[in-house]
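Report on the structure given below.
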Amino acid sequence: MDTIPWDQIFFILEAWQKGLSDAGFSVPSVSALSLEVQSEQTKAWVVLVSTIISLRTKDEVTIASSRRLLVKAPGPQDLLQLPKEMVAQLIYPAGFYRTKAEHLVQIAAILVDRYHGRVPDNMEELLALPGVGRKTANLVLSEGFEQDAICVDTHVHRICNRTGWVHTKTPEETEYALRNTLPRLYWRRINWLLVLFGQQVCRPQSPYCSRCPLADHCIRRDVLKSR
Ligand code: SF4
């Protein structure tokens, strides 16, 4: 694709999402948790904790597990007071809950020891935390600190490649490709729109191409079966 008409694409996606919400449809989202809290630091902590819990876990489970843990541990200092086994119990049945509990306790200790209980607001320091990859770090920067960051998860990676907006092999490559082509205005928004779109329309197996509002902007790369 030569020039990607991003304004048009985002206009279509925003209108599609508005249509869903006008029809009363609501999709559980990790980012919804962060909207309920006020300060930047609290938001960053909520996003960090819930995103770690969310890896390989359904949204509904993530939200319930995060809420249970965050009630007991509204900050890193509070989490450090909890035994690791209790952290694991609180986030169960999230996938890999024992490993995640271990990481969360280690992260809380690092934040208290090195950062006075604060979540760092830059990529390098976030990536140095146990269990934190680029997806989590970008979500903390974008949702927690409202910085321009592109969070590429499996949905964003898949859709951007199918449509032909990028041609990459890994989510990390997709993030860098999007940094080069996507106007900054849309960096924070793309994750939220495409996750929902990937769950509802451009699904991993057999996407709904016949009723896709983005069909005119998609080359359907590697789509062998669709509905
Ligand atoms: S046309 Fe099909 S492959 Fe392309 S974005 Fe829409 S659902 Fe996905």
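The numbering of the sequence shown is the numbering used here, which starts it at 39 and goes up by one. We put the beta carbon where it would ideally sit given N, CA and C, even for glycine.
- Residue range of the alpha helix (DSSP H) that includes Ala147: Counted from its first residue, the sequence shown places residue 147 at position 109. Ala147 -> alpha helix (DSSP H) spans Tyr135 to Tyr153.
- prompt: Would the beta-carbon of Ala187 fall within 8 Å of that of Trp225?
  reply: By 1-based counting over the sequence shown, the position of residue 187 is 149. By 1-based counting over the sequence shown, the position of residue 225 is 187. Closer than 8 Å, so yes.
Tell me whether Cys240 sits in a helix, a strand or coil according to DSSP, three-state version. Locating residue 240 in the sequence shown gives position 202, counting from the first residue. The answer is coil: DSSP assigns Cys240 none of H, G, I, E or B.
Under 8 Å, do Leu117 and Leu142 count as touching if we go by C-beta distance? Your numbering for residue 117 matches position 79 in the sequence shown. Your numbering for residue 142 matches position 104 in the sequence shown. Against a cut-off of 8 Å, the Cβ pair of Leu142 and Leu117 comes out as a contact.
| Hey, Pro121 and Ala146: beta-carbon distance below 8 Å or not? | Numbered from its first residue, the sequence shown carries residue 121 at position 83. Numbered from its first residue, the sequence shown carries residue 146 at position 108. No, the Cβ-Cβ distance between Pro121 and Ala146 is not below 8 Å.
Original post:
Does DSSP classify Thr100 as helix, strand or coil?
Top reply: Within the sequence shown, numbered from 1, the residue matching residue 100 stands at position 62. Note: Thr100 maps to helix in three-state DSSP.
Start-to-end residues for the alpha helix (DSSP H) that takes in Pro114 = Start at 1 with the first residue of the sequence shown, and residue 114 comes out as number 76. Pro114 to Leu118 is the span of the alpha helix (DSSP H), which, as asked, contains Pro114.
Can you have a look at Asn160 and say buried or exposed, based on whether 16 or more other CB atoms are within 10 angstroms of its CB?
Residue 160 sits at position 122 when you count from the first residue of the sequence shown. Classification of Asn160: exposed, given that the 10 Å Cβ count is below 16.
Would the beta-carbon of Leu58 be found less than 7 Å away from any heavy atom of ligand 1? Translated into positions along the sequence shown, residue 58 becomes position 20. No - ligand 1 has no heavy atom lying nearer than 7 Å to the Cβ of Leu58.
State the CB to CB distance for the pair Val125 and Leu108, rounded to an integer number of angstroms; the pair is presumed to be in contact (CB under 8 Å).
Numbered from 1 along the sequence shown, position 87 holds the residue referred to as residue 125. Numbered from 1 along the sequence shown, position 70 holds the residue referred to as residue 108. Actually they are not in contact, since the Cβ atoms of Val125 and Leu108 sit about 11 Å apart, beyond 8 Å.
- Over the uninterrupted alpha helix (DSSP H) stretch that includes Ala175, give me the two end residues. For the purposes of this step, residue 175 is taken as residue 137 along the sequence shown, with counting starting at 1. From DSSP, the alpha helix (DSSP H) with Ala175 extends over Arg172 to Leu177.
CB of Val19 to nearest heavy atom of ligand 1: below 7 Å? Because the chain in this structure spans residues 39 to 265, residue 19 falls outside the shown range and cannot be described.
#### Entry: Alpha-carbon to alpha-carbon, Ala166 and Val150
Counted from its first residue, the sequence shown places residue 150 at position 112. Counted from its first residue, the sequence shown places residue 166 at position 128. If I take the Cα positions, the gap works out to 15 Å.
Q.
Quick check: does the Cβ of Ile42 come within less than 7 Å of any heavy atom belonging to ligand 1?
A. Start at 1 with the first residue of the sequence shown, and residue 42 comes out as number 4. Checking every heavy atom of ligand 1 against the Cβ of Ile42, none is found closer than 7 Å.
- Query: Thinking C-beta only, is Arg196 closer than 8 Å to Gly236?
  - Reply: Numbered from 1 along the sequence shown, position 198 holds the residue referred to as residue 236. Numbered from 1 along the sequence shown, position 158 holds the residue referred to as residue 196. Going by C-beta atoms, Gly236 is nearer than 8 Å to Arg196.
DSSP on Asp60, reduced to helix/strand/coil? The residue given as residue 60 occupies position 22 in the sequence shown. Asp60: helix per DSSP, three-state reduction.
>> Rounded to the nearest angstrom, what separates His154 and Pro209 at their Cα positions?
In response: What you label residue 154 is simply residue 116 of the sequence shown in a count that begins at 1. What you label residue 209 is simply residue 171 of the sequence shown in a count that begins at 1. The alpha-carbon atoms of His154 and Pro209 are separated by roughly 32 Å.
> Regarding Tyr224 and ligand 1, is the C-beta to nearest heavy atom distance less than 7 Å?
Replying inline: Here residue 224 is taken as the residue at index 186 of the sequence shown, counted from 1. Because no heavy atom of ligand 1 lies under 7 Å away, the Cβ of Tyr224 does not count as near it: no.
Notebook entry, point to check: How would you call Ser218, buried or exposed, if buried means at least 16 neighbouring beta carbons within 10 angstroms?
Noted result: Reading the sequence shown from its first residue, position 180 is the one you call residue 218. The sequence shown places Asn at residue 218, rather than the Ser named in the question. Asn218 should be labelled exposed.
Original post:
In angstroms, rounded to a whole number, what distance separates the CA positions of Leu73 and Asn229?
Top reply: As a first step, residue 73 is located in the sequence shown; it is residue number 35 there, counting from the start. As a first step, residue 229 is located in the sequence shown; it is residue number 191 there, counting from the start. With a pLDDT of only 48 at Leu73, under the threshold of 50, the placement of this residue in the model should not be trusted; the figure read from the coordinates follows. C-alpha separation (whole angstroms): 16 Å.
| Do Val157 and Gln46 come within 8 Å of each other at the CB atom, strictly closer than that value? | To locate residue 46, count along the sequence shown from 1; it is residue 8. To locate residue 157, count along the sequence shown from 1; it is residue 119. Taking 8 Å as the Cβ cut-off, Gln46 and Val157 do not qualify as a contacting pair.
- In chain order, what residues of the same chain have a beta carbon less than 6 Å from the beta carbon of Val170, not counting five sequence neighbours either side? Stepping through the sequence shown from its first residue, residue 170 is reached at position 132. Leu164, listed in sequence order.
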